[in-house]
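Shown next, in structure tokens, is the structure this report addresses.
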Amino acid sequence: LGWSRSVVSWWYLYTEERELDAMILEINNSYDEKRNIFLKVSRVSEQPLKTSGSSQTVDYLENTYKVRTLPSLPQSTFYKGTWTKTIFASVFEKVDGLVTNRFMDPLQPTSWKPNASFSNMTTIAESGEVKMATRMTCCGSPIDPTQMSSFQLFKFLLQWTVPGMLTTAHIIFQALRIHYSGLMKMNVKTPVRTGSVARHATKTEIDLEPFFRAYLTGCVEKHPHPVEVTYLPCRSFSNETIHLRSPSCEKDHSSIRHVSIEPADPAFYTRIINYTSIETALDTELQSTGLHADPSSQRLLVSDQALLASILGSPSSQKTDTIKIRNSPPAFSWYQKSTISPFMDDFVSTSSDPSSRAVYFTIATKQRLIDRFALGSETLLGIYTFLESCLLRWVVLE
């Protein structure tokens with residue numbers, strides 16, 4: 441469905457009888473994370489809704505008369521549905537919670553009256569307490585985008601974007617006021633759960649992913665027992681599902697053990713290159729965050745932690761004692777905090793071709809400089825580089 445800055449986008453789905461049957465709620469938070477919810481709806485009352493006589497009018501959306509639009513035929517004034525909230529939607533709410541919705545059919549003129557409750561949404565905590573209630577009404581008639589003039593389009597975009605931009609500072613101020621006055625406490629953002637989409641990935645994170653995939657593939661290929669690893673790259677930039685099988689699966693199909701692994705956020709790929717061992721990496725990434733909003737949340741989502749540890753930590757996949765920091769380019773070693781080289785550096789040094797090694801160490805060096813000297817900001821590193829180049833030119837010219 442794409443990305444959106446709207447808090448919630450609604451997609452209405454109808455049956456062949458043109459009655460509202462289901463909805464897709466596209467939920468977006470302030471951290472560029474999203475989750476799509478499929479929601480079946482039911483009638484609030486069984487009394488058929490009286491529709492206007494023009495309910496059979498057919499309109500075509502383009503000149504070729506291939507795409508047509510038909511008014512709906514609702515059988516109830518209101519429709520309702522319930523779904524479980526599993527995304528960090530607000531800093532004042534936990535991830536878990538129940539949400540109830542009541543809708544009116546948007547294709548009916550009665551839904552657009554100023555006093556009509558077009559959509560009601562209520563968030564309920566695990567304790568049963570109502571946390572938040574929202575009510576949406578409409579201030580005007582709907583606009584057909586295919587019939588809009590250029591002036592109407594400009595006016596609509598202006599009214600749609602400017603108020604949101606101007607109220608952002610007000611929202612932040614009110615949130616801080618509520619937090620520091622003690623009325624409600626702001627929660628720290630938690631990693632997304634499986635099924636949600638994390639923030640946009642940076643180019644560095646995307647470029648590092650193939651190296652971790654290669655490491656995972658190599659460990660599975662060397663594992664002596666029949667195992668299948670289902671690897672899901674971070675959903676913010678990939679929809680792939682990769683199945684990796686050890687060689688012994690060809691001989692023994694009956695005792696194959698399965699494990700799935702999915703990084704919750706794209707920053708996993710920049711963190712993994714800094715661990716000195718895979719054991720340390722797993723201990724850290726699989727540890728529950730303990731955050732108030734979602735205490736059990738993890739940065740690496742794994743279905744069977746013990747099995748994954750045995751695959752990645754098996755003697756055949758571990759680095760040997762003869763592999764030292766000399767495998768990484770000497771010029772890239774001075775800034776490392778530890779005298780032991782990261783296990784990903786050793787893997788790339790011994791398992792990749794020269795061109796891939798050059799690409800990896802260039803990316804890893806830049807990322808480590810960002811983490812150590814630029815507070816994790818690539819923009820700040822760019823400012824440092826610009827100032828350094830200006831100083832160098834000034835020295836040369838002088």
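At the far end of the sequence shown sits residue 838, using my numbering, and the numbering has no gaps.
Think of the CB as a built atom: it goes at the ideal place given N, C-alpha and C, for glycine as much as any other residue.
All figures in this text were calculated on a predicted structure; none of them were measured in a lab.
According to DSSP, which residues form a beta bridge with residue i?
i, result
"E502", "Partner(s): none; E502 has no beta bridge."
"F478", "I464"
"P782", "Beta-bridge pairing links P782 to no other residue."
"R697", "V667"
"E702", "L741"
"S449", "E466"
"Y519", "R483, F543"
"V570", "I564"
"Y454", "L460"
So, at 8 Å on beta carbons, what are the nonlocal neighbours of residue i in its own chain, with the 5 sequence-adjacent residues on each side left out?
i, result
"D536", "T524, K525, T526, E566, D734"
"F558", "F543, M544, P546, S551, W552, M576, T577, C578"
"K764", "Legend: pLDDT at K764 = 41, less than 50; position of this residue unreliable, value from coordinates given subsequently. Same-chain partners within the cutoff: S781."
"D461", "L453, Y454, T455, K480, V481"
"M624", "F532, I618"
Roughly how far, in whole angstroms, is the beta-carbon of residue i from the beta-carbon of residue j, given that I think they are within contact range, below 8 Å?
i, j, result
"E645", "T710", "6 Å"
"A707", "Q738", "In fact, because the Cβ distance is near 13 Å, the residues do not count as touching under 8 Å."
"E466", "V632", "In fact, because the Cβ distance is near 15 Å, the residues do not count as touching under 8 Å."
"S471", "R639", "The displayed chain sequence assigns Tyr, not Ser, to residue 471. About 6 Å separates the two Cβ atoms, so the contact holds."
"F518", "V570", "Contact flag wrong, Cβ pair sits at about 19 Å."
"Y655", "M784", "7 Å"
"P514", "E459", "6 Å"
Among the candidates the options, whose CA atom is the shortest distance from the CA of residue i?
i, options, result
"M463", "V481, A615, I718", "V481"
"I713", "Q614, Y800, Q599, V836", "Y800"
"D499", "F783, P631, T586, C674", "T586"
"L748", "K806, R685, L465, L597", "R685"
"N476", "D744, N503, G622, V447", "V447"
"N693", "F518, M784, P666, T819", "For clarity, residue 693 is His in the given sequence; the question names Asn instead. Residue P666 is the option with its Cα nearest to H693."
"V742", "T608, C674, I696, M588", "C674"
"S530", "W600, W451, I611", "I611"
"A641", "I618, S676, K662", "S676"
"P650", "M605, K595, F787", "F787"
"M626", "E533, P794, K520", "E533"
"S678", "F591, G622, V637", "V637"
"E702", "K691, I682, Y715, N560", "I682"
Near residue i, which residues of its chain fall below 7 Å by C-beta distance, leaving aside the five closest residues on each side in sequence?
i, result
"G841", "This structure does not reach residue 841, given that the chain is present from 441 up to 838, and the question cannot be answered."
"I803", "T644, D647, L648"
"K629", "Y471, F528"
Would you identify the three-state DSSP class for residue i, choosing helix, strand or coil?
i, result
"R542", "strand"
"K595", "helix"
"K525", "coil"
"I682", "strand"
"R575", "strand"
"M588", "coil"
"R508", "strand"
"S722", "A small correction: the amino acid at residue 722 is Leu; Ser does not occupy that position in the sequence shown. Three-state result, L722: helix."
"K691", "coil"
"L815", "coil"
"Y824", "helix"
"N767", "Low confidence applies to N767: its pLDDT is 48, below 50, so where it sits in the model is not reliable, and the reading given next is rough at best. N767: helix per DSSP, three-state reduction."
"V637", "strand"
"D734", "strand"
"S559", "strand"
"L672", "coil"
"Q614", "helix"
"F677", "coil"
"L714", "According to the sequence as given, residue 714 is Asn; it is not Leu. Looking at N714 - three-state DSSP - the assignment turns out to be helix."
"D536", "coil"
"E473", "coil"
"S530", "coil"
Among the residues of its own chain, which have a CB less than 6 Å from the CB of residue i, if the five just before and after it don't count?
i, result
"V669", "V660, L684, V699"
"T540", "T522, T562"
"S736", "S728"
"D744", "V699"
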